[in-house]
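Working notes, beginning with the structure itself.
Residue numbers (my numbering), protein chains in the order written: chain A, 10 to 94; chain B, 187 to 400.
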């Protein structure tokens, strides 16, 4: 799990062009939106694309999406629990 | 003697790996890529605006030119946000980003368009980025021209100023297409407030500044 979290941090920095951030400065438990990294709606779409493109995962509803994209840890849990590999 | 009502108080040129403000070279870089050059400008001038890294090339170029154009001007102090306009132009529109987007959707088997690329597939987004950064809410327009057309830009901006739709304007040319890039921005204000303006606001002076060797 910790390895997946570390990998996700790198991927988030890359797809969202957060080039001024170091992976270790991202708190995996902190909210990704508004607080925490202060991401916006376009970033949310990029994270959805990341989950689909890299992990082949989609989520059904907006409410489900909010829970999954809450933090790096919730994203990692979603990936682990739905791993198709 | 009749005094010209509007003057160019500042200008900023970014081209050929140089940044020139009001005739003085502020920065030169040996960077071999445009992206590297723009990041070098960002770092050299100690700009802190994380969203910069998410912008497309056209917006980065316009953002940097505006940042340096306004570096010694506090527009917020002097003008209400809706009294500052941004009127820009270029030839390539958002073609550079349009190509990136097109590439991401050309393969039906690998169809993953990037939302953060797609949002920049309009040339006027660069105006939005400048307005967000500086709190500007006035008239904004982006013209697509075959080449820099000081006559049209002057006519449009002059009318907005004369009719007091705006009291101050950021105007000029922001072009980015593949490795070809060029930004020439002018800050135009009233001459009674700024009698020491760099040049009268007229097409010939705009062109003279545009053609300056950098």
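By construction, the Cβ of each residue, glycine as well, lies at the ideal position given by its N, Cα and C atoms.
Here the structure is a predicted model, which is why all the values come from computation and not from measurement.
Distance CB(residue i)-CB(residue j) smaller than 8 angstroms
{"i": "residue 352(B)", "j": "residue 222(B)", "result": "no"}
{"i": "residue 29(A)", "j": "residue 80(A)", "result": "no"}
{"i": "residue 392(B)", "j": "residue 336(B)", "result": "yes"}
{"i": "residue 363(B)", "j": "residue 306(B)", "result": "no"}
{"i": "residue 309(B)", "j": "residue 290(B)", "result": "no"}
Euclidean distance between Cα positions of residue i and residue j
{"i": "residue 346(B)", "j": "residue 25(A)", "result": "38 angstroms"}
{"i": "residue 383(B)", "j": "residue 196(B)", "result": "8 angstroms"}
{"i": "residue 74(A)", "j": "residue 64(A)", "result": "15 angstroms"}
{"i": "residue 244(B)", "j": "residue 284(B)", "result": "11 angstroms"}
{"i": "residue 178(B)", "j": "residue 201(B)", "result": "Residue 178(B) lies beyond the range of chain B shown here (187 to 400); nothing can be said about it."}
{"i": "residue 313(B)", "j": "residue 274(B)", "result": "8 angstroms"}
{"i": "residue 94(A)", "j": "residue 318(B)", "result": "The predicted position of residue 94(A) is uncertain, since its pLDDT is 48 and thus under 50; a value taken from the coordinates is nonetheless stated next. Looking at the two C-alpha atoms, the distance is approximately 44 angstroms."}
{"i": "residue 381(B)", "j": "residue 203(B)", "result": "32 angstroms"}
{"i": "residue 262(B)", "j": "residue 320(B)", "result": "8 angstroms"}
{"i": "residue 367(B)", "j": "residue 224(B)", "result": "11 angstroms"}
{"i": "residue 264(B)", "j": "residue 379(B)", "result": "10 angstroms"}
{"i": "residue 342(B)", "j": "residue 193(B)", "result": "15 angstroms"}
{"i": "residue 86(A)", "j": "residue 10(A)", "result": "8 angstroms"}
{"i": "residue 388(B)", "j": "residue 49(A)", "result": "41 angstroms"}
{"i": "residue 322(B)", "j": "residue 295(B)", "result": "43 angstroms"}
{"i": "residue 206(B)", "j": "residue 236(B)", "result": "24 angstroms"}
{"i": "residue 376(B)", "j": "residue 256(B)", "result": "16 angstroms"}
{"i": "residue 288(B)", "j": "residue 326(B)", "result": "27 angstroms"}
{"i": "residue 240(B)", "j": "residue 20(A)", "result": "15 angstroms"}
Residues bridged to residue i (per DSSP)
{"i": "residue 375(B)", "result": "193(B)"}
{"i": "residue 207(B)", "result": "198(B), 210(B)"}
{"i": "residue 118(A)", "result": "Given that chain A is displayed from residue 10 to residue 94, the structure contains no residue 118(A) and the question cannot be resolved."}
{"i": "residue 369(B)", "result": "200(B), 360(B)"}
{"i": "residue 385(B)", "result": "194(B)"}
{"i": "residue 275(B)", "result": "329(B), 359(B)"}
{"i": "residue 270(B)", "result": "354(B)"}
contact_flag[the segment 242-249 of chain B, the segment 365-380 of chain B] where n(CB pairs < 8 angstroms) is 3 or more: Touching, yes.
Which full runs of the alpha helix (DSSP H) of 4+ residues lie inside the segment 289-343 of chain B, going along the chain? Counting only runs of 4 or more, we get 301-304, 311-320.
Please determine if the segment 48-55 of chain A and the segment 300-317 of chain B are in contact, where contact requires at least 3 C-beta pairs separated by less than 8 angstroms. The segment 48-55 of chain A makes contact with the segment 300-317 of chain B, as at least three CB pairs between them are under 8 angstroms.
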